[in-house]
Amino acid sequence: LEYHDRTTVAKTFALAIDEAGKLHPAAPSLIVNAALLAPAPIPLFLFVEGREKFGEPLASALAGDGLDDVVVALRTFALVDRETIVDERDPAVRTDAIRLHRLVRHVAAERVGDLIAFRRAVLIDILASLYPGNISTESNTWPRARRLDGHALALIDTENLPKMPDRPMGRIWARIFGFVRQKFWEFGQVLPLIRGLRSASWATHI
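Numbering of the sequence shown is given in the numbering used here, commencing with residue 0 and proceeding in unit increments.
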């Protein structure tokens, strides 16, 4: 019964994604990209500031108020929740974000198919371009890094790294490592980063 119910819900979400696509053609593409990120609130500035790297037709669809329209289409079918994240250290800093239900993420991610490595590489490139580079000297960049670090770590899976140019990969590793080191020296998180950097061919580009 549990499996049957799960399958039924998955089919319902799949149909909902198709219906959202009828309201806005970019809705399926956005949720597929979102599904490859961490199961945490996704800052909307990731789509706004990184939109050109997504390529067409999503890049054009996100221009201007396009992102709001896409999110409305997804929310119409309960595929995402929209929320405001208050920074845990500075309540004055608020970030608009969306969150996907766990099963929605699974259903949407299955649509990536053979393009998963390419999609992950694009998202890593976007995060590398958005991640603050001056973490060690400017603490006012930390709220932004806090919204991105979980997603970056979710993409940089040392067991299944996508093939991509060295510089974006090295840049994002260095910036995540810098933030984790500045925020807290948490052995469980820092050690995998050190191991990854030691073994990575692109470490010389950091």
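Glycine included, C-beta positions come from ideal geometry on N, C-alpha and C.
The model shown is predicted, which means the values in this text are computed figures rather than measured ones.
- Residue range 93-99 is occupied by the beta strand (DSSP E) that includes A96.
- Residues I16, G20 of the same chain have their beta carbon placed closer than 6 Å to that of P27, with the five preceding and five following residues left out of the count.
- P40 counts as buried, since at least 16 other C-beta atoms from the protein chains shown sit within 10 angstroms of its C-beta.
- Note on L61: 16 or more other CB atoms within 10 angstroms of its CB, so buried under the neighbour-count rule.
- Fully contained in the region 37-100 are the following beta strand (DSSP E) runs of length 3 or more, in chain order: 79-85, 93-99.
- If you check the CB distance, V8 and L99 do not come in under 8 Å.
- Three or more Cβ pairs closer than 8 Å define a contact, and the region 108-124 falls short of that threshold against the region 136-148.
- Short of 7 Å from the beta carbon of T75, and not among the five residues preceding or following it, lie these beta carbons of its own chain, in chain order: A19, L22.
- Sorting I134, T136, R118, S128 by C-alpha distance to the C-alpha of L154 places R118 at the top.
- Residue burial annotation: P42 is buried, with at least 16 other C-beta atoms found within 10 angstroms of its C-beta.
- Nearest to L126 by alpha-carbon distance, out of P24, V47, L147, is L147.
- Here DSSP, grouped into helix, strand and coil, assigns L152 to helix.
- Minimum Cα-Cα distance from P131 among the listed residues A120, I97, R104, L45 corresponds to L45.
- Taking 8 Å as the cut-off, the beta carbon of V47 is found no closer than this to the beta carbon of R110.
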